[in-house]
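S.K.:
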Amino acid sequence: MKYHHQNLSQRMAFAGLFVLLLPILSPLLFSPLSRSYPSLFSEWNAPKPRHLPLLKAALDRHIPVRQKNELWSPLPYQGWKPCIEPTTIHTLPTKSQGYIQVFLDGGLNQQRMGICDAVAVAKILNATLVIPHLEVNAVWQDTSSFADIFDVEHFIDTLSHDVAIVKEPPSEYWWSTREYYATGIRAMRIKTAPVHGSADWYLENVLPVLQSYGIAAIAPFSHRLGFDKLPPNIQRLRCKVNFHALTFVPHIRVLGDALVNRLRHPFEKFHTSGTGFLKERMNDTESEGTGKFVVLHLRFDKDMAAHSSCDFGGGKAERLALAKYRQLLWQGRVLNSQFTDEALRKQGRCPLTPEEIGLLLAALGFSNSTRLYLASHKVYGGEARISALKKLFPLVDHKKSLASAEELAKVDGKASLLAAVDYYVSLQSDIFISASPGNMHNALVGHRAYLNLKTIRPNMVMLGPLFLNKSMEWPEFQHAVLSGHKSRQGQIRLRKERQSIYTYPIPDCSCQS
Numbered sequence: 001m002k003y004h005h006q007n008l009s010q011r012m013a014f015a016g017l018f019v020l021l022l023p024i025l026s027p028l029l030f031s032p033l034s035r036s037y038p039s040l041f042s043e044w045n046a047p048k049p050r051h052l053p054l055l056k057a058a059l060d061r062h063i064p065v066r067q068k069n070e071l072w073s074p075l076p077y078q079g080w081k082p083c084i085e086p087t088t089i090h091t092l093p094t095k096s097q098g099y100i101q102v103f104l105d106g107g108l109n110q111q112r113m114g115i116c117d118a119v120a121v122a123k124i125l126n127a128t129l130v131i132p133h134l135e136v137n138a139v140w141q142d143t144s145s146f147a148d149i150f151d152v153e154h155f156i157d158t159l160s161h162d163v164a165i166v167k168e169p170p171s172e173y174w175w176s177t178r179e180y181y182a183t184g185i186r187a188m189r190i191k192t193a194p195v196h197g198s199a200d201w202y203l204e205n206v207l208p209v210l211q212s213y214g215i216a217a218i219a220p221f222s223h224r225l226g227f228d229k230l231p232p233n234i235q236r237l238r239c240k241v242n243f244h245a246l247t248f249v250p251h252i253r254v255l256g257d258a259l260v261n262r263l264r265h266p267f268e269k270f271h272t273s274g275t276g277f278l279k280e281r282m283n284d285t286e287s288e289g290t291g292k293f294v295v296l297h298l299r300f301d302k303d304m305a306a307h308s309s310c311d312f313g314g315g316k317a318e319r320l321a322l323a324k325y326r327q328l329l330w331q332g333r334v335l336n337s338q339f340t341d342e343a344l345r346k347q348g349r350c351p352l353t354p355e356e357i358g359l360l361l362a363a364l365g366f367s368n369s370t371r372l373y374l375a376s377h378k379v380y381g382g383e384a385r386i387s388a389l390k391k392l393f394p395l396v397d398h399k400k401s402l403a404s405a406e407e408l409a410k411v412d413g414k415a416s417l418l419a420a421v422d423y424y425v426s427l428q429s430d431i432f433i434s435a436s437p438g439n440m441h442n443a444l445v446g447h448r449a450y451l452n453l454k455t456i457r458p459n460m461v462m463l464g465p466l467f468l469n470k471s472m473e474w475p476e477f478q479h480a481v482l483s484g485h486k487s488r489q490g491q492i493r494l495r496k497e498r499q500s501i502y503t504y505p506i507p508d509c510s511c512q513s
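Okay, so the sequence shown: first residue is 1 according to the UniProt record's numbering, each after it adds one.
Here's what the structure looks like:
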């Protein structure tokens with residue numbers, strides 16, 4: 001009996017020691033800023049709603065029929081139509097100056113812009129483009145290649161009259177690989193391409209390399225071609241690549257079409273499902289949004305929360321954790337950290353939380369029967385952080401709620417492929433809105449503008465002070481939101497000097513009619 005008691009005491013002591021050592025042995029489990037998943041720590045310490053009076057009022061909101069109709073109506077024709085064919089017809093030269101290789105880093109949408117620029121540079125140099133190499137993303141460790149994401153045959157065929165494109169360098173250049181350029185100084189590698197370089201820079205610096213060696217590899221290449229002082233045909237070619245040549249591989253399009261169909265026809269989908277969750281959805285009442293859906297790009301990840309230097313209501317523990325993470329990733333080189341939370345919000349430099357984007361949508365006139373599809377739905381703080389959004393909009397879906405594990409098998413765990421699915425669904429939606437600017441926001445704003453589709457751009461500068469005002473009541477808040485977003489719902493914005501053609505494709509890639 002005495003031995004048993006001693007044994008039990010030892011086991012309890014070891015158990016207590018294990019609990020004390022667990023945060024040291026497995027720090028990611030308790031870190032509020034683990035890159036891959038929301039942590040248990042952030043779930044346990046999830047802040048309460050920060051705008052409770054507005055939230056309560058929004059839950060009881062009444063939306064006039066006229067407001068609903070205006071909100072869901074498509075954009076009227078705005079006098080512009082796509083124009084991507086060259087103004088003068090040029091046949092491909094019989095002899096190429098050589099082969100161009102580019103190595104693209106960043107996420108899917110940054111790489112997408114790089115691909116468009118690579119085609120343009122190949123055209124400027126009268127060179128043959130090798131299908132671009134996509135670098136492994138340092139954050140997500142995604143090894144997806146161009147051919148894993150985009151339809152290569154469609155890409156080459158669509159541009160066949162504009163630029164010569166090959167899948168691989170010819171056999172005489174078998175050595176021209178990523179590994180070759182990473183292991184020493186090579187005369188064929190161009191490392192000095194300036195950000196937003198001019199056409200003349202490429203003619204003066206890259207063309208001689210092509211003429212000497214027959215091949216040139218440009219790395220880094222992201223954002224290495226400017227947006228101004230380029231021939232109209234080059235600008236149109238960039239849009240032709242972006243909006244026509246770059247289509248996703250068939251399995252991404254098939255999955256995307258399935259998700260869109262289930263969002264537009266939820267009753268059919270739920271009728272054929274046997275899960276309790278989907279059976280519960282069969283009781284949804286039809287509304288003005290039946291057959292329609294909104295895509296919300298809920299960009300509130302851990303890196304953004306830390307980099308913004310804003311306060312998101314998690315108290316002292318969260319502020320310290322975010323500050324520590326900022327120091328770890330950026331060694332204190334974060335401009336926003338010089339300012340107070342209030343100053344940042346007044347400047348519109350704080351990303352909208354799920355609660356705040358929900359209040360914005362409610363004030364704009366979206367009812368609680370609106371179907372929301374969350375793109376990039378994993379957020380800092382996990383499910384607890386988006387609870388207020390789900391109270392306002394119970395019909396929230398994302399990839400994993402709409403598709404089976406079998407359907408997601410080819411894309412699961414691959415950040416670029418998952419982003420491609422979200423991009424595809426976003427392009428099919430009736431309305432798209434992003435919680436804060438970023439590469440996906442910019443890419444879709446431009447693509448949807450080219451197609452004249454409704455896109456709501458949150459007025460961050462206006463919303464910051466509104467959310468700081470804790471005494472504001474719902475009618476005043478709603479009026480301010482409606483007034484501040486009248487001209488931010490897809491109306492044409494002409495590109496200005498130095499602005500990206502991928503975000504503002506008009507007038508470069510459109511004609512007035």
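Ideal placement from N, C-alpha and C gives every residue a C-beta, glycine not left out.
Does DSSP put Ser-387 in a helix, in a strand, or in coil?
M.R.: Here residue 387 corresponds to residue number 387 of the sequence shown, with the count starting at 1. The answer is helix: DSSP assigns Ser-387 an H, G or I state.
S.K.: Look at the Cβ atom of Pro-47, then the Cβ atom of Gly-314, and state whether they are nearer than 8 Å.
M.R.: Within the sequence shown, numbered from 1, the residue matching residue 47 stands at position 47. Within the sequence shown, numbered from 1, the residue matching residue 314 stands at position 314. Yes, Cβ-Cβ distance for Pro-47 and Gly-314 is below 8 Å.
S.K.: If contacts are defined as beta-carbon pairs under 8 Å, then Asp-422 and Ala-375 qualify, I think. What distance do you get, rounded to the angstrom?
M.R.: Here residue 422 is taken as the residue at index 422 of the sequence shown, counted from 1. Here residue 375 is taken as the residue at index 375 of the sequence shown, counted from 1. 4 Å between Cβ atoms; contact.
S.K.: Determine the DSSP secondary structure at Asp-397, reduced to helix, strand or coil.
M.R.: The residue given as residue 397 occupies position 397 in the sequence shown. In the structure shown, Asp-397 sits in a strand (DSSP, three-state: E or B).
S.K.: Ignoring anything shorter than 4 residues, give me the alpha helix (DSSP H) runs that lie fully in the stretch 69–143, in order along the chain.
M.R.: Segments of the alpha helix (DSSP H) lying fully in the stretch 69–143: 108–125.
S.K.: Specify the secondary structure class of Val-295 as computed by DSSP and reduced to three states.
M.R.: Walking along the sequence shown from the start, residue 295 turns up at place 295. Of the three classes helix, strand and coil, the one that applies to Val-295 here is strand, per DSSP.
S.K.: Looking at the unbroken beta strand (DSSP E) that takes in Ala-217, where does it start and where does it end?
M.R.: By 1-based counting over the sequence shown, the position of residue 217 is 217. Start and end: 215–218.
S.K.: For a quick check, are the C-beta atoms of His-297 and Ser-434 less than 8 Å apart?
M.R.: On the sequence shown, residue 297 is found 297 positions in, with the first residue counted as 1. On the sequence shown, residue 434 is found 434 positions in, with the first residue counted as 1. Yes, they are a contact pair.
S.K.: Do Leu-134 and Ala-420 have their CB atoms nearer than 8 Å?
M.R.: Position 134 of the sequence shown, counting from 1, holds the residue named residue 134. Position 420 of the sequence shown, counting from 1, holds the residue named residue 420. Not a contact, by the Cβ cut-off of 8 Å.
S.K.: Determine contact between the stretch 212–230 and the stretch 188–198, defined as no fewer than three beta-carbon pairs at a distance below 8 Å.
M.R.: Yes, the stretch 212–230 is in contact with the stretch 188–198.
S.K.: Can you grab the Cα-Cα spacing for the pair Ile-190 / Gln-211, in whole Å?
M.R.: Taking the first residue of the sequence shown as position 1, residue 190 is located at position 190. Taking the first residue of the sequence shown as position 1, residue 211 is located at position 211. Their backbone Cα atoms lie some 14 Å apart in a straight line.
S.K.: Could you round the C-beta distance between Thr-128 and Ser-96 to whole angstroms and report it? I think they count as a contact, below 8 Å.
M.R.: Walking along the sequence shown from the start, residue 128 turns up at place 128. Walking along the sequence shown from the start, residue 96 turns up at place 96. Correct: roughly 4 Å between the Cβ atoms.
S.K.: In or out: Cys-350 buried (at least 16 other Cβ within 10 Å) or exposed?
M.R.: Here the question's residue 350 lines up with position 350 in the sequence shown. That one is buried.
S.K.: So, are the CB atoms of Asp-148 and Leu-329 less than 8 Å apart?
M.R.: In the sequence shown, residue 148 corresponds to position 148, counting from 1. In the sequence shown, residue 329 corresponds to position 329, counting from 1. Cβ distance not < 8 Å, so Asp-148 and Leu-329 don't count as in contact.
S.K.: What does Gln-512 pair with, by DSSP beta-bridge criteria?
M.R.: What you label residue 512 is simply residue 512 of the sequence shown in a count that begins at 1. Gln-512 is bridged to Trp-80.
S.K.: On the three-state DSSP scale, how would you describe Ile-234?
M.R.: Against the sequence shown, residue 234 aligns to sequence position 234. Ile-234: helix per DSSP, three-state reduction.
S.K.: Taking Cβ positions, are Tyr-173 and Ile-131 nearer each other than 8 Å?
M.R.: What you label residue 173 is simply residue 173 of the sequence shown in a count that begins at 1. What you label residue 131 is simply residue 131 of the sequence shown in a count that begins at 1. For Tyr-173 and Ile-131, no; Cβs fall outside 8 Å.
S.K.: Taking DSSP as the reference, what is the three-state secondary structure of Lys-496?
M.R.: For the purposes of this step, residue 496 is taken as residue 496 along the sequence shown, with counting starting at 1. Coil, per DSSP.
S.K.: Counting contacts by CB-CB distance shorter than 8 Å, is Asp-341 in contact with chain B?
M.R.: No chain B appears in this structure, which consists of one protein chain only.
S.K.: Using the Cα positions of Leu-40 and Glu-407, report the straight-line distance between them to the nearest angstrom.
M.R.: Here residue 40 corresponds to residue number 40 of the sequence shown, with the count starting at 1. Here residue 407 corresponds to residue number 407 of the sequence shown, with the count starting at 1. In this prediction, Leu-40 has a pLDDT of 36, which is less than 50 and means its spatial position is unreliable; what the coordinates show is noted afterwards. Their backbone Cα atoms lie some 28 Å apart in a straight line.
S.K.: In terms of alpha-carbon separation, which member of Ala-323, Leu-344 and Thr-353 lies closest to Asp-301?
M.R.: Along the sequence shown, read from residue 1 onward, the residue named residue 301 stands at position 301. If we check each option's Cα against that of Asp-301, Thr-353 comes out closest.
S.K.: Return helix, strand or coil for Leu-417, following the three-state DSSP convention.
M.R.: As a working mapping, residue 417 is identified with position 417 in the sequence shown. Note: Leu-417 maps to helix in three-state DSSP.
S.K.: For the alpha helix (DSSP H) containing Thr-359, list its first residue and its last residue.
M.R.: Translated into positions along the sequence shown, residue 359 becomes position 359. Before going further, note that residue 359 is Leu rather than Thr in the sequence given. Looking at the DSSP string, the run of the alpha helix (DSSP H) that includes Leu-359 is 354–364.
S.K.: Tell me whether Tyr-373 sits in a helix, a strand or coil according to DSSP, three-state version.
M.R.: Along the sequence shown, one-based indexing puts residue 373 at 373. Strand at Tyr-373.
S.K.: When you compare each of Thr-503, Asn-137, Tyr-77 and Lys-346 to Leu-468 by their alpha carbons, which one comes out closest?
M.R.: Mapped onto the sequence shown, residue 468 falls at position 468. Of the candidates Thr-503, Asn-137, Tyr-77 and Lys-346, the one whose C-alpha sits nearest the C-alpha of Leu-468 is Lys-346.
S.K.: Using alpha carbons as the reference points, say which of Ser-73, Thr-87 and Tyr-180 lies closest to Pro-231.
M.R.: Taking the first residue of the sequence shown as position 1, residue 231 is located at position 231. It is Thr-87 whose Cα lies nearest to the Cα of Pro-231.
S.K.: Between the stretch 354–367 and the stretch 386–393, can you find at least three pairs of beta-carbon atoms closer than 8 Å?
M.R.: Result yes; three or more Cβ-Cβ pairs closer than 8 Å.
S.K.: Do Val-209 and Met-188 have their beta-carbon atoms positioned less than 8 Å apart in this structure?
M.R.: Looking up residue 188 in the sequence shown gives position 188. Looking up residue 209 in the sequence shown gives position 209. The answer is yes: Cβ separation under 8 Å.
S.K.: Excluding five sequence neighbours on each side, which residues of the same chain lie with their C-beta closer than 8 Å to the C-beta of Lys-454?
M.R.: Taking the sequence shown and counting its residues from 1, the one referred to as residue 454 is at position 454. Within the same chain, Lys-454 has close Cβ partners Pro-74, Leu-75, Asp-430, Ile-431, Phe-432, Arg-448, Gln-489 and Gly-490.
S.K.: Can Thr-370 and Val-295 be called in contact, C-beta distance under 8 Å?
M.R.: As a first step, residue 370 is located in the sequence shown; it is residue number 370 there, counting from the start. As a first step, residue 295 is located in the sequence shown; it is residue number 295 there, counting from the start. No, the pair does not count as a contact, with Cβ atoms beyond the cut-off.
S.K.: Are there 16 or more other CB atoms within 10 angstroms of the CB of Gln-235, so buried, or fewer, so exposed?
M.R.: If you number the sequence shown from 1, residue 235 lands on position 235. That one is buried.
S.K.: Measure the C-alpha to C-alpha separation of Lys-240 and Arg-178 and round it to an integer number of angstroms.
M.R.: Along the sequence shown, one-based indexing puts residue 240 at 240. Along the sequence shown, one-based indexing puts residue 178 at 178. Straight-line Cα distance between these residues: approximately 28 Å.
S.K.: At 4 residues or longer, and completely inside the stretch 153–239: list those alpha helix (DSSP H) runs for me, N to C.
M.R.: As far as the stretch 153–239 is concerned, its whole alpha helix (DSSP H) runs of at least 4 residues are 178–182, 199–205 and 207–213.
S.K.: Which residues in the same chain have their Cβ closer than 7 Å to the Cβ of Val-260, if we skip the five residues on either side of it in sequence?
M.R.: Counting from one through the sequence shown, the residue named residue 260 turns up at place 260. Closer than 7 Å at the Cβ level, and outside the excluded window around Val-260, lie Val-425 and Gln-428.
S.K.: Using CA coordinates, which residue listed in Asp-60, Gly-413 and Lys-400 is at the minimum distance from Arg-262?
M.R.: For the purposes of this step, residue 262 is taken as the residue at position 262 of the sequence shown. Of Asp-60, Gly-413 and Lys-400, the residue nearest in Cα terms is Lys-400.
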